[in-house]
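Heads up, the sequence shown is in the working numbering, so the first residue is 496 and it goes up one at a time.
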Amino acid sequence: MFQTLIDCEINLHKNVEAKCERNEPIDIKEISSCFAIDVIGSSAFGLECKTFEQENSDFRVYGRKLFAKTTWGKLINIFSTNFPKLANALNIKTIPNDVSDFFMTVVENIISYREQNEFIRNDFMQSLIKMKNSRDPEKRLTGEEVAAQCAVFFVANFETSSTLMTFALFELAKNQYIQEKVRNEINKLLNKYNGSITYDFIDELKYMNQVLDEILRKYPPVPFIRRRCVKDYKIPDEDIVIEKGTIVVIPILGIHHDKEYYPDPDKFDPERFSEENKSCRHHYAHLPFGEGPRICIGKRFGLMQSKVGLTSLLKNYRFTLNKETKEPLTVDLNSMVLETEEKIWLDVQKI
Ligand code: HEM
496 MFQTLIDCEI
506 NLHKNVEAKC
516 ERNEPIDIKE
526 ISSCFAIDVI
536 GSSAFGLECK
546 TFEQENSDFR
556 VYGRKLFAKT
566 TWGKLINIFS
576 TNFPKLANAL
586 NIKTIPNDVS
596 DFFMTVVENI
606 ISYREQNEFI
616 RNDFMQSLIK
626 MKNSRDPEKR
636 LTGEEVAAQC
646 AVFFVANFET
656 SSTLMTFALF
666 ELAKNQYIQE
676 KVRNEINKLL
686 NKYNGSITYD
696 FIDELKYMNQ
706 VLDEILRKYP
716 PVPFIRRRCV
726 KDYKIPDEDI
736 VIEKGTIVVI
746 PILGIHHDKE
756 YYPDPDKFDP
766 ERFSEENKSC
776 RHHYAHLPFG
786 EGPRICIGKR
796 FGLMQSKVGL
806 TSLLKNYRFT
816 LNKETKEPLT
826 VDLNSMVLET
836 EEKIWLDVQK
846 I
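See below:
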């Protein structure tokens, strides 16, 4: 999986290089999304999506459709989450038919190609094919279940990881001193690892990790999560009982901007995540990946992908805000993940 990530980094770098040579500003969300699609297409499906080269590649088109922001889509989502049984009975779907048909066809084609040609690749898809062919009926997956798993991975990765990279580059463009500090850390480690981005190299990016933790605090891609209460629960020292069956919303964005945990919450300050400062805060005051048994299973992968992407860009380019970027940014209330209404344009300069 790690090598797959590194292979996708080359296309990201080439695309930014071309824009830099033409002196064009970059729409940072667009290139971060292309990188995320290339990564997940390659690591989950074993496909070269060519997202940068082809503006209308299938994955890009269906990826956009999946997150198309309509009021109707938002209502369907709210309804299906709050009344899942009724939504099922009414055959209400949160994913449009053409999008699910696309994933189904892609997965069917990959499975039949691999099975007919006895082609084996060390990736997520291969693990799913193994489960599809399992002799143990408890572990066996149907073709539809394999497609659903792939689609979930695509959805869960695509907008979240690209949102993280977008806001990271936005804040680094505004805070040149911090950008330089991250770049120095990258260069120092590249010297140590003979210029190669390896797994150990990524693991040692301690300051970049602080920067990403702070970005995930200030701009959590998933602004809230929900849980259904499974037994009556009395909140300690309060007269409030949450009854079994109640859906509880955990406001991640609100907690991350609570002055009690994060003084001056609008300030971008990676020092909040130094080991010393982290140890003084409640563990659940930082929840960008959720918590408990349903915590995000892609947490490590999402962070690794963002670190590879940022390393590739920051070692070669300096980013500054383009005059077209309108501040303060406004949150798009129709979006499922944290997104801004305006595009974020950055200028890029070769180092
Ligand atoms: C910066 C990147 C990411 C962020 C901020 C993020 C955030 C989240 C959050 C908040 C949840 C809900 C957790 C909960 O309810 O407690 C979640 C669930 C999930 N995420 Fe991520 N995620 C990211 C990247 C990824 C990636 C890269 C993958 C897969 C490759 C992934 C796969 C999943 C899956 C499958 C779930 C559902 C887990 C379950 O319900 O058991 N995520 N993610």
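Backbone N, C-alpha and C define an ideal beta-carbon position, used for all residues, glycine too.
If you check the CB distance, VAL511 and LEU808 come in under 8 Å. Residue environment: THR661 is assigned as buried (16 or more neighbouring CB atoms within 10 Å of its CB, all protein chains considered). Closest option to VAL556, judged by alpha-carbon separation, among ILE790, SER595, GLU613, PRO716: SER595. The alpha carbon of ILE681 has as its nearest neighbour, out of THR499, TYR812, SER769, the alpha carbon of TYR812.
Separation of ILE692 and LYS560 (C-alpha to C-alpha, rounded to the nearest whole angstrom) is 34 Å.
At least 8 Å separates the beta-carbon of LYS739 from that of VAL717. Proximity of the stretch 647 to 658 to the stretch 529 to 545 meets the contact definition, three or more beta-carbon pairs being nearer than 8 Å. Distances taken from the Cβ of SER527 to the heavy atoms of ligand 1 include none shorter than 7 Å. Looking at SER538, ALA539, ILE526, LEU664, the one whose alpha-carbon comes closest to that of THR546 is ILE526. In this structure, DSSP gives LEU659 a helical state, which the three-state scheme calls helix. GLY793 sits close to ASN652, with the two beta carbons spaced by under 8 Å. With contacts defined as CB atoms closer than 8 Å, ILE839 and LYS514 fail to qualify as a contacting pair. Relative to ligand 1, even the nearest heavy atom lies 7 Å or more away from the CB of PHE598.
Judged by beta-carbon spacing, ALA642 lies within the 8 Å limit of PHE598, meaning their Cβ atoms are closer than that value. Inclusion of PRO715 and LEU833 in the CB contact set at 8 Å is warranted, their separation being smaller than that value. When distances are taken from the beta-carbon of LEU809 to the heavy atoms of ligand 1, even the shortest one reaches 7 Å or more. Between the stretch 781 to 790 and the stretch 702 to 712, the count of C-beta pairs closer than 8 Å reaches three or more; the two stretches touch.
Per DSSP, reduced to three states, the secondary structure at VAL743 is strand. Counting along the chain, the unbroken alpha helix (DSSP H) around PHE597 starts and ends at 592 to 611.
Excluding sequence positions up to five before and after LYS569, its CB lies within less than 7 Å of the CB of ASN829, all in the same chain and listed in chain order. By the 16-neighbour rule on beta-carbons within 10 angstroms, HIS751 is buried.
As a beta-bridge residue in DSSP terms, THR835 pairs with VAL826. Residue range 671 to 687 is occupied by the alpha helix (DSSP H) that includes ILE681, with no beta strand (DSSP E) assigned at that position.
Taking 8 Å as the cut-off, the beta carbon of GLY558 is found no closer than this to the beta carbon of ILE606.
Distance from ARG609 to ILE624 at the Cβ level is roughly 6 Å; contact confirmed, criterion being Cβ atoms closer than 8 Å. Between the beta-carbon of LEU667 and that of ILE673 there is about 6 Å, and that keeps the pair under the 8 Å contact cut. Comparing C-alpha distances from PHE814 to each of ARG678, GLU822, TYR694, ASN686 shows the shortest one belongs to ARG678. When DSSP states are grouped into helix, strand and coil, GLN621 belongs to the helix group. In the three-state reduction of the DSSP assignment, TYR702 falls in the helix class, which pools H, G and I. The nearest non-hydrogen atom of ligand 1 is less than 7 Å from the C-beta of ALA651. Spatial neighbours of GLU836 in its own chain (CB-CB distance under 7 Å, excluding positions within 5 residues in sequence) are listed in chain order as THR825, ASP827.
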